[in-house]
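The structure appears right after this line, and notes come after that.
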Amino acid sequence: MSTLLLLVVFLPFLSALVLGLTYLFDTHKRVNEKFYTILGVAVPILVTILSFVIVLDLMSHSSTTVVTAVAFNWLSIDSFHIDLAFVADPLSAVMISFITFIGTLIHIYAAAYMSSDQGFGKFFSYFNLFLGSMLLLVLASNPIIMFIGWELVGLVSYLLIGFYNKEYENVTAANKAFIVNRVGDFGFIIGLGILFVAMGDNGFTFADIKENIYAIDNHTLTLVGIFLFIGAMGKSAQIPLYVWLPDAMAGPTPVSALIHAATMVTAGVYMVARFSFLYNEIPQVGEFIAIIGVSSALFAAIIASYQSDIKKILAYSTMSQLGYMFVAVGLGAYSAGIFHVFTHAFFKALLFMGAGAVIIALHHEQNIFKMGSLKKALPLVYITMFIATLAISGIPPFAGFFSKDAILNHAFMSEHYTIWVLGVITAFLTAFYMFRMLFIVFVADMKNNHIEHKALSKALTYPLIVLAIGATFAGFLGANEAYGGSDLFKSFISLNDINYSISHSTEYMLGFVNVLVSLLGVTLAYKYFRTSPQEPLPNKRVRTLIINKFYVDELYDRLFVQNLRSLSNFFNKTVDEKLIDGFINNVVHLNLYVASKFTSLQNGKIQHYSIYLLSGVSMMSLLLIYILEVR
Amino acid sequence: MIEDILLALPLAIVVLGAIVLMLISHFPTVSLKKYNLIAVFFLVCAFILKLTQLDDSNHIYLFEPLFNKMFVIDTFSNLFDLLFLAGAIVTLLINTHYFQERDYYNGEFFSLLLFSVFGMMMLSHANELVTAFISLEIASISVYILVGYNKNSLKSSEAMLTYIVLGALSSTFFILGTALIYGVVGSTFIGDIYSFIQNNPTKEITMLIVALMFIMVTILFKIGAVPFHSWVIDVYQGAPYPITMFMAATFKIAVFAIFLRLYLIDFTHFYDIFSKILQVVAVVTLIGGSWLAISQNNLKRMLAGSSIVHAGYLLIALSSIGLGAEFAAPAIVFYLMSYFLSAVGAFGILSFIAAQRRRRATFDDFKGFSQERPYLAAMMTIFMLSLAGFPSTIGFLAKFYIFLSAIESGQIFLAGLGITVAFISIYYYFKLIALMYFYPTDEEPKKFPFGISSSVIFLMALLTIWGGVGTGWIPFLPGVDTLVETAKEAINSISVKPY
Amino acid sequence: MEITLNHYLVLSTILFAIGLIGVMRRKNLLMLFFATEILLNSVNIGFAAISHYYGDLTGQMFAFFIIAIAASEVAVGLGLLVLWYKRNGSIDLDMMSTMKG
């Protein structure tokens, strides 16, 4: 098993290397796209199979068994070791299984989406690299290796957002994503640093930390928890570090589907779940996380309701759903959070891929108001996206209902009623804006839809079907007793959840509320956008405010970017040029002057040299006499 | 006895090779390539034999009934023997091209080189001061001749003259010190001196200290520490490239072979005095060497100047030994290895280019070199980075260990100065990189010349990088920690004092 | 007056000083090599005297070794000197400083 585990991580890296080198040395474009496709898709398929084998193996044992694999000792200082080691426990096994599965589908999809692109080979190299990095992050047995994966996925995300690097905007978006993530990562590494110091000599794997968590005092843990969460904020696009995610949609659509919806952005949630034993010690930080989560969810849902770019809508909805996940993990419902990660991966990937198919069909048109009545032209895309929309809106029996329900129920039961209310409002908005998008794109008659449609290849559409099946049925895995399930998911990943007993009647009542608000959202969307779309809310001020995303980008620009820039200018023009450069220049000139004087002693005359030598001996002798006298 | 013969065999092979080369150099039909091949053959034989003996001989006196305790064989001397042999092999291989382009080389050249290697090997085994002196002179006199080997070149002869006069002058201090020690102790064995001081802590102690200082003068001269540095730059410039390379990398290691042994044993009781002296010398060497290096226009002279600076770093580590830095002595050995790799590579590229038609000597000649020969320029960059101590090269780790030991022994000032000087060194190393990459050239791009010379240089570049990043990443391939471990073992093998 | 070890050592020291001054002052290459010879031989006197003082023969043996070293050093030096004379017709040191700076 441990060999398999090593293969799971290293195969994608290996193929990324091969693909990258091939692309690099193939300057005359002699290598066929087929080569890249076959290698680039075969490896994810293989890795998926391997991960499923690992999951099945884990399922057949008791819940405490884990598969571990040590690649090599990365560094060792005295008795302290950091191994490049991987561990597959139920949590990470679930993660890798859906990451590889959805990753494979998106790889197949991307092969069609990216076909006849100049950088086809480069794209697949990056994509495989991403898969490897994500698996490294998830399977890491200690925070250091996790951090390496964390940084690697950030890097690949940067590379792929700026994939079309000929256009200035894409480069800016990539830079923005990278810089904002850096802010988060800085928090993350500070958290790790504090934890490292607090751990002392007790080792630094997750298992070690779990064992020794009681030895660390609460204040330190609070600090660690907050700083680690700052890292999660950056990676998982939560307030206030979310600004990069909408811009990240500049990358090709498969990238948005895989990295900025299904997998990478959930790394923050995964990290909190991974540190669940730590966050259980500090419920106050957990509450903070939940508040950040629910505000992000609501905030993003409001913005999403007024967006006109199909990918931006989905980006904000991703942020909103991530908010739900943080509510769950913040309030101690780790398995519910991970379950939502799991179901969300299916329907969000599906939504993005459907959107990508639409975009391709309409020759790279992304504005939803220039689409309309695509139902007939793209029936398959319409049906699958409809399923996904039902799933994300939380309509039973689709996947999203169960996971969202679990989260909201937990919020309610743990007596965080404000959070629950906000969550329900968000659920309403979610149904509203998702159906708004669906109606505008597929149903409404827009009168300007005489754009010619491009036929879609099978590789673009078949993955949609597979995902649609997933989006429909994945929810049953986590259905609890009230809905006739047996909570398979929760009992399998067995995290240290905080549990509340809940009666079936309450359960039904809450579920009913959820469905009701969702249906309300759908109805509203139907009313406004079914036939001729027009925005509700006549208040123009509020509308511009929302369309401009509450001016947060501008605010950040004012607060940080411009101040920083003027400060930089000050340092550049005054401090650096006048003070430091002036000082350095003077020192350099002085040094060069002295050096030339010193070098002129080097006149090539042997007798002078011997005099230097003997005077050196004399000086050493004098020094010796001095030292002996002092002694 | 049989065991002794086996242990002495590498030495014997080298001296035998030297004699064979000397004899066949009278036949005019033998080509230079063959001489080179024969010399390398003998050296490789000795190297392999020595490699098998690296660990299994701990502190044995060679032919004890015959030579008494004059020659010792331990891991320390074996490691240094390996370094000398490797240095000579690499020198010969890299310069294959160079020799063939010059008509003044013949068999005697190789013979002398082997004699010099023999002298160095004896030096690392020497356990007695007069033996050490004789070995040092065997190595030095061979190198004197090699420096002036190009009889037609005025510079070469002048360099030889400078070196021979100053070298002879400085060696007299060594033998003077030996005479004084003999006067006080009545013996010149390293162990006897140690036990004499141990047993008579006050008797004629000043005389002994003065004697040891005289010995130190010679050593400092040979490694080119300021104020005994004046010969370095001129000799390095005048000598043919292969010999510059040999002196800078291999000969310097040889000097440390004897000095470390002496310093770790006989200087033990006077560490408080000699650490102070070494600190002062280290400070002036670092500063003076930097001054010399930044004001040079000729690349060979710049590298010579920088080799003085590197001697300064080594002196920091030496003074740390006396102040209780446990890791200082292995750090020196490791630094020597790292310097060996980078210096051999840098000089190797220079000699490789010098073997071609167009001569390049000054910085300006290297303008736009990267477009003409991108791979060589890349490798040169690697070597410059390593010499400057840039992270991810072996030079960084070496400097890191040195500064670590300086800080461990409480010499914060010296460590700070060392780091400052390392910054200054970026000026003259990066100047070359900048010139190579940021200027246009009229020359046509040339193909990478595959051959022995270029492959060995490439290997050096790989090792430089490998030593900087590799810590056992690839199974079965020794990483840099293996080198450090070996260095530690070597030092431990002399630190045991069985006297 | 009896000649003691000290007398020999003083002689040795005086010779060493003469040698040093010779190296520093002499412009003639041949004289320079003489001076280095004097330096080494002054140490030889010391060795021989100490050896006699201790009644231990090793010191005198060392003297022989050092004579051999000195001889080979001078042999190399003289070879260079001949070469130099052939080229320049002079063995004056002042002509030999082409490398500087």
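Chains as they are written, first to last, in our numbering: chain W, 7 to 637; chain D, 543 to 1041; chain Z, 8 to 108.
From the three backbone atoms N, C-alpha and C, an ideal C-beta is built for every residue, glycine too.
Note that this is a predicted model, so its numbers are computed, not measured.
Could you give the distance in angstroms between the alpha-carbon of residue i and the alpha-carbon of residue j?
{"i": "HIS601/D", "j": "ASP546/D", "result": "12 Å"}
{"i": "ASP638/W", "j": "ALA321/W", "result": "A question about residue 638/W goes unanswered here, because the residues of chain W that appear run from 7 up to 637."}
{"i": "SER19/Z", "j": "ALA721/D", "result": "11 Å"}
{"i": "PHE41/Z", "j": "ARG33/Z", "result": "10 Å"}
{"i": "VAL76/W", "j": "ASP95/W", "result": "15 Å"}
{"i": "VAL562/D", "j": "SER653/D", "result": "8 Å"}
{"i": "ALA268/W", "j": "PHE980/D", "result": "45 Å"}
{"i": "LEU142/W", "j": "VAL600/W", "result": "55 Å"}
{"i": "SER6/W", "j": "LEU27/Z", "result": "The structure shown does not extend to residue 6/W, since chain W spans only 7 to 637, so no value can be given for it."}
{"i": "ALA433/W", "j": "ALA273/W", "result": "23 Å"}
{"i": "VAL797/D", "j": "LYS611/D", "result": "20 Å"}
{"i": "THR512/W", "j": "SER163/W", "result": "43 Å"}
{"i": "ILE316/W", "j": "ILE475/W", "result": "23 Å"}
{"i": "TYR969/D", "j": "ALA903/D", "result": "18 Å"}
{"i": "ILE471/W", "j": "THR390/W", "result": "7 Å"}
Using a Cβ-Cβ cutoff of less than 8 Å, which residues in the same chain neighbour residue i once the five nearest sequence positions on both sides are dropped?
{"i": "ASP808/D", "result": "ILE732, ILE735, TYR736, ILE739, LEU754"}
{"i": "MET564/D", "result": "GLY649, GLU650, SER653"}
What residues in its chain sit with their C-beta under 7 Å from that of residue i, if we drop five residues either side in the sequence?
{"i": "ILE717/D", "result": "PHE675"}
{"i": "PRO1040/D", "result": "The predicted model places PRO1040/D with a pLDDT of 49, which falls under 50 and marks its position as unreliable; any figure quoted below should be read in that light. So the list reads HIS601, once near-sequence residues are dropped."}
{"i": "PHE876/D", "result": "ALA940, TYR943, LEU1025, VAL1026, ALA1029"}
{"i": "ILE232/W", "result": "VAL291"}
{"i": "LEU977/D", "result": "PHE905, PHE908, LYS909"}
For the alpha helix (DSSP H) that residue i lies in, which residues bound it at each end?
{"i": "HIS510/W", "result": "510 to 535"}
{"i": "PRO50/W", "result": "39 to 66"}
{"i": "HIS59/Z", "result": "36 to 61"}
{"i": "MET922/D", "result": "916 to 930"}
{"i": "VAL249/W", "result": "Taken as a continuous stretch (DSSP letters only), VAL249/W belongs to no alpha helix (DSSP H), as it is neither H nor E."}
{"i": "PHE714/D", "result": "In the sequence on display, residue 714/D carries Thr and not Phe. Element bounds for THR714/D: 696 to 727."}
{"i": "LYS989/D", "result": "Where LYS989/D is concerned, there is no enclosing alpha helix (DSSP H), given that its DSSP letter is neither H nor E."}
{"i": "PHE869/D", "result": "Segment: none, PHE869/D is in no alpha helix (DSSP H) and carries neither H nor E."}
{"i": "ILE154/W", "result": "149 to 167"}
Under the rule that 16 or more other beta-carbon atoms within 10 Å means buried, what is residue i, buried or exposed?
{"i": "GLN327/W", "result": "buried"}
{"i": "ILE631/W", "result": "exposed"}
{"i": "LYS40/W", "result": "exposed"}
{"i": "LYS318/W", "result": "buried"}
{"i": "ARG564/W", "result": "exposed"}
{"i": "LEU145/W", "result": "buried"}
{"i": "GLN568/W", "result": "exposed"}
{"i": "PRO260/W", "result": "buried"}
Consult DSSP for residue i and reduce its assignment to one of helix, strand or coil.
{"i": "VAL73/W", "result": "strand"}
{"i": "VAL93/W", "result": "strand"}
{"i": "HIS87/W", "result": "strand"}
{"i": "TYR1041/D", "result": "Confidence at TYR1041/D is low in this model, with a pLDDT of 48, below 50, so the placement of that residue should be treated as unreliable; the coordinate-derived value is given next. Residue state, collapsed to three classes: coil."}
{"i": "SER507/W", "result": "coil"}
{"i": "SER624/W", "result": "helix"}
{"i": "ALA897/D", "result": "coil"}
{"i": "ASN669/D", "result": "coil"}
{"i": "ILE602/D", "result": "strand"}
{"i": "ALA339/W", "result": "coil"}
{"i": "SER82/W", "result": "strand"}
{"i": "VAL614/D", "result": "strand"}
{"i": "THR228/W", "result": "helix"}
{"i": "THR207/W", "result": "In the sequence on display, residue 207/W carries Asp and not Thr. ASP207/W: coil per DSSP, three-state reduction."}
Under the criterion of a Cβ to heavy atom distance below 7 Å, does residue i qualify as lining the ligand COA?
{"i": "ILE994/D", "result": "In the structure shown, the ligand COA is absent, as is every other ligand, since no ligand is present at all."}
Given residue i, which residues of its chain have a CB within under 6 Å of its CB, disregarding the five upstream and five downstream residues?
{"i": "ALA948/D", "result": "ILE858, SER862, LEU956, ALA957"}
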